[in-house]
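These notes concern the structure reproduced below.
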Amino acid sequence: MKVAKLLRTLPSLTVLLSTVAAAQSFDMTVMADADGDGLVSLAEFKAFSAMKWRFLSQGRDSVTTSDAPPSLRPLLKGVNPGPNGRIDRDDVIAYAPVRYREIDTNKDGTVSVVELQTASDPKVR
Ligand SMILES: [Ca+2]
Ligand SMILES: [Ca+2]
Numbered sequence: 030m031k032v033a034k035l036l037r038t039l040p041s042l043t044v045l046l047s048t049v050a051a052a053q054s055f056d057m058t059v060m061a062d063a064d065g066d067g068l069v070s071l072a073e074f075k076a077f078s079a080m081k082w083r084f085l086s087q088g089r090d091s092v093t094t095s096d097a098p099p100s101l102r103p104l105l106k107g108v109n110p111g112p113n114g115r116i117d118r119d120d121v122i123a124y125a126p127v128r129y130r131e132i133d134t135n136k137d138g139t140v141s142v143v144e145l146q147t148a149s150d151p152k153v154r
């Protein structure tokens, strides 16, 4: 009886929890570590940058920094815009290895999820 009641309330609880999660600023950095080893390899970082680019560009070929929501601006940080003052996907991916070395703050040659979270936090940068 009690279990049946619990099961009936479960879907609304799930909705509630996902609403709470959406209200918090969603931490995309957890998605960067694709194989879950706690480290973000350069290949994982490039894939993550490409994913963030898709979020940021919303289908546009190029963007300016002011187009980007604050949570995604770190992706464009340091990237040289083209002659037209805009940044495109190739610019972002070409810059990824440089950015990767910047994010590796303890200079051990690899980026941990914590290092990436610190670099991606709009409150820090
Ligand atoms: Ca990994
Ligand atoms: Ca490191």
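Add 29 to the 1-based position in the sequence shown for our numbering, that's all there is to it.
Cβ coordinates follow ideal geometry from the N, Cα and C atoms, glycine included.
- Spanning the alpha carbons of proline 126 and proline 99 requires a straight line of approximately 22 Å.
- Linking serine 86 to arginine 130 through their CA atoms gives a straight-line distance of about 24 Å.
- Note that the C-beta distance between lysine 75 and isoleucine 122 is below 8 Å.
- Note that the stretch 60 to 79 touches the stretch 135 to 153; at least 3 beta-carbon pairs, one per stretch, sit closer than 8 Å.
- In the three-state reduction of the DSSP assignment, leucine 68 falls in the strand class.
- In the same chain as leucine 101, and ignoring 5 residues on each side of it, the C-beta atoms closer than 7 Å to its own belong to Lys81, Phe84, Leu85, in chain order.
- Look at aspartate 119: its beta carbon is at least 7 Å from all of the heavy atoms in ligand 2.
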